[in-house]
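Trainee: Chains as they are written, first to last, in the numbering used here: chain B, 1 to 337; chain G, 1001 to 1337.
In this text, a Cβ means the ideal position worked out from N, Cα and C, and glycines have one as well.
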């Protein structure tokens, strides 16, 4: 398998990206190839600093970089020689099988969508993230690819994320819920109501109805679908809330007993390890023809390593075939929105 | 001050509602009157059970109840004798100064908006909630009154919640942020972009730009504005995430040392007390002509007591005058959306 990696994307690029790729390389088979896309001189100097040989990776020079703050579609047009533009072009020409980036999410999504094209039947791709919870992993889609959702998009997220949950997490007949502001059927926006009706019309989706913010962590659904805006807020808020709570607990413990506060650190560490969604290694952009994995902007080497290994698993398990099969069974007309 | 209380609204109504009102009564002045609105026989039997005299409260009989799952506007029309309909009608006739309910939020909002009318210049009321964070209280608006926001609504939430933060929390020149999916200016939906432009055009708002999910807890803004859908998800998600984390910590501690797990309970209790938004006592519906306070559906006596006392504070501090003054200074035309 040939995996293209955006050496220039992310808060800790290129150092942590290259370090993560080096870790992954040791775990991949000899038939796998990692392709570093980015500024060649920079990549070479980092490889040297990390004491890796100059031929460790195939390097494809990309003289331009899309910044985190650039408007995705504009940036792709203006910077055809950026790592993201080159990577997705390589994928579109089937010169690589997967692309991976911790850079500008919007540009990755737009590049993957425009260049790699969508799978048969897919209207709009969506990013799926696995949130580890006490009651098991919850697959959430979309978390930021699509902030102008139509009912058909959300409906397809239900089908695609359901297929993901089933194949990748081994959950039989995953329960699918829609993020809403109340448990009651009458609640929600027009978008939510139309989506609900669409999902309910498909007997292949194990639909459990509305999921409120607090329900995500209470094991009420295996898959939660929502607009990209809401999903993105949910993801970042969860990080923020957990971070704040640990800080508050630590402070409280410090006031009571410094030794206990110190000891609590190991508890926090263990919990972070157990519930760390970075372990799942990047988020798959569901619905593109190929493998496009999007990593958190703050990804360090470990996350990149896991994301690279995830690319391989997505491919080996044939997630895209599974998605296409699930959509083929769909009883909903894709023209309906 | 005359405060009407929806005896029938909420998961623990009427028992906890009446118990909370009894607690509040002891703390209010003799010139204050609590008016219980609900099924008279039920209220009387609860008063008896709580060993309170039959004349403890003025009781106004409401033979109908709006359920949590009813569509707000339909329910108000079909049930003119429900506690919420009667309460808001009393307020519209200036027979009470404030209304308070832990019942159907949508019906409370619709009733308050339709009957009590909006303050001068206000286009759409919004619910403001105070989230206690490590870096201080954050006022969030809207958290569920308005799920079809226009830029002018969000702009006015910025002004009104800013006035709230200033007057009620004593924050001078509060920093106002808008909930978005990235820090960068180019990010967000059309609604967000138009709202940003509107807020930036008003020199009276101390605008700090985009706030991401994780930033809420990091002291980047004193006021965060968002659509009701997003705000509602944020609120409930925070509850859910905190609840799950405490459960996970407890479990981890139990496996290590049962005594420590037991001792940790007191830490959790203290943190809950310090960061419990129920302490703030209900959420004010900003922008209605009068005082309408909305409580969490799961409110128990303590929350109801605090919410009743908050009604009094809102009135004493003249929050509505403060809001009207802030809006009067607005440089934005209310017709613009």
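Is the CB of residue 1071/G under 7 Å away from at least one CB in chain B?
Mentor: Taking Cβ atoms only, chain B reaches closer than 7 Å to residue 1071/G, which makes this a yes.
Trainee: Give a yes or no on whether 7 Å exceeds the smallest Cβ distance from residue 10/B to chain G.
Mentor: Output row for residue 10/B: interface = no.
Trainee: Which same chain residues, not among the five before or five after residue 1336/G, have their C-beta less than 8 Å away from its C-beta?
Mentor: With a pLDDT of only 49 at residue 1336/G, under 50, the local geometry of the prediction cannot be trusted, and the value read off the model is given with reservation. Same-chain partners within the cutoff: 1151, 1152 and 1198.
Trainee: Within 10 Å of its beta-carbon, does residue 46/B have 16 or more other beta-carbons around it, so buried, or fewer, so exposed?
Mentor: Its Cβ being crowded by 16 or more others within 10 Å, residue 46/B is buried.
Trainee: Enumerated in chain order, which unbroken segments of the alpha helix (DSSP H) with a length of 4 residues or greater are wholly contained in the region 1243–1327 of chain G?
Mentor: 1258–1275 and 1301–1316, all fully within the region 1243–1327 of chain G.
Trainee: Alpha helix (DSSP H) containing residue 1089/G: first to last residue?
Mentor: 1083–1092 is the extent of the alpha helix (DSSP H) around residue 1089/G.
Trainee: Any residues in the region 227–242 of chain B with a beta carbon nearer than 8 Å to a beta carbon of chain G? Which ones, in chain order?
Mentor: Listed in sequence order: 228, 229, 230, 232, 233, 234, 235, 236, 237, 238, 239, 240, 241 and 242.
Trainee: Taking the DSSP output, what are the residues bridged to residue 128/B?
Mentor: Paired residues: 141/B and 284/B.
Trainee: Report the residue ranges of all alpha helix (DSSP H) runs contained in full by the region 1022–1066 of chain G; include only those spanning at least 4 residues, in chain order.
Mentor: Those alpha helix (DSSP H) runs which fall completely within the region 1022–1066 of chain G and span 4+ residues are 1040–1049.
Trainee: Quick check: the Cα distance between residue 1328/G and residue 1159/G, rounded to an integer number of angstroms?
Mentor: Approximately 10 Å between the Cα atoms of the pair.
Trainee: Decide yes or no for the touch test of the region 1061–1069 of chain G against the region 1231–1251 of chain G: beta carbon pairs closer than 8 Å, at least 3 of them.
Mentor: The region 1061–1069 of chain G, when compared against the region 1231–1251 of chain G, does not touch it at the 8 Å Cβ threshold.
Trainee: Listing by chain order, which chain G residues have their CB less than 8 Å from the CB of residue 179/B?
Mentor: Those are 1233, listed as they occur along chain G.
Trainee: Rounded to whole angstroms, what is the Cα-Cα separation between residue 84/B and residue 232/B?
Mentor: Each residue's Cα considered, the two are about 21 Å apart.
Trainee: Could you name the residues of chain G that residue 140/B contacts, counting a contact when the two beta carbons are closer than 9 Å?
Mentor: The contacting residues do not exist; residue 140/B stays about 11 Å from chain G at best.
Trainee: Please report the distance separating the alpha-carbon of residue 1168/G from that of residue 1029/G.
Mentor: Whole-angstrom Cα-Cα distance: 21 Å.
Trainee: Exposed or buried, what is residue 1254/G when buried is set at 16 or more other beta-carbons lying within 10 Å of its beta-carbon?
Mentor: The residue in question, residue 1254/G, is exposed, as its Cβ has fewer than 16 Cβ neighbours within 10 Å.
Trainee: Residues of chain G with CB under 7 Å from residue 270/B, in chain order?
Mentor: Simply 1252.
Trainee: Name the residues in the region 1130–1156 of chain G whose C-beta lies less than 8 Å from a C-beta of chain B; which are they?
Mentor: Those residues of the region 1130–1156 of chain G that come within reach of chain B (Cβ to Cβ, closer than 8 Å) are 1133, 1134, 1144, 1147 and 1148.
Trainee: Out of 1276/G, 1038/G and 1022/G, which has the shortest C-alpha to C-alpha gap to residue 1138/G?
Mentor: The candidate whose alpha carbon is nearest that of residue 1138/G is 1276/G.
Trainee: With residue 1225/G as the anchor, note down where its beta strand (DSSP E) starts and where it stops.
Mentor: Counting along the chain, the beta strand (DSSP E) containing residue 1225/G begins and ends at 1223–1225.
Trainee: Out of 1031/G, 1033/G, 1062/G and 1027/G, state which residue places its alpha-carbon closest to the alpha-carbon of residue 1044/G.
Mentor: For residue 1044/G, the nearest C-alpha among the options comes from 1062/G.
Trainee: Quick check on DSSP: helix, strand or coil for residue 101/B?
Mentor: Reduced to three states, the DSSP call for residue 101/B is strand.
Trainee: What are the boundary residues of the beta strand (DSSP E) that residue 180/B is part of?
Mentor: Element bounds for residue 180/B: n/a, residue is neither H nor E.
Trainee: Any contact of the region 1029–1040 of chain G with the region 312–327 of chain B, i.e. 3+ C-beta pairs under 8 Å?
Mentor: No: fewer than three Cβ pairs fall under 8 Å.
Trainee: Give a single yes or no on whether residue 1160/G has its beta carbon closer than 6 Å to a heavy atom of the ligand SAH.
Mentor: The model on display carries no ligand, and the ligand SAH is accordingly not part of it.
Trainee: Take residue 1217/G and list the residues in its own chain whose beta-carbon comes closer than 7 Å to its own, dropping the five residues that flank it on each side.
Mentor: Taken in chain order, the residues that qualify are 1133 and 1134.
Trainee: Is there a Cβ of chain B sitting closer than 7 Å to that of residue 1214/G, yes or no?
Mentor: So yes, residue 1214/G belongs to the interface.
Trainee: Just the chain B side, please: which residues come within less than 9 Å of residue 1218/G by C-beta, in chain order?
Mentor: Ordered by position in chain B, the residues that pass the 9 Å Cβ test against residue 1218/G are 240, 243 and 244.
Trainee: Considering just the uninterrupted stretch of the alpha helix (DSSP H) at residue 1161/G, what are its terminal residues?
Mentor: Element bounds for residue 1161/G: 1151–1169.
Trainee: Counting contacts by CB-CB distance shorter than 7 Å, is residue 1293/G in contact with chain B?
Mentor: False, the Cβ-Cβ gap to chain B never drops below 7 Å.
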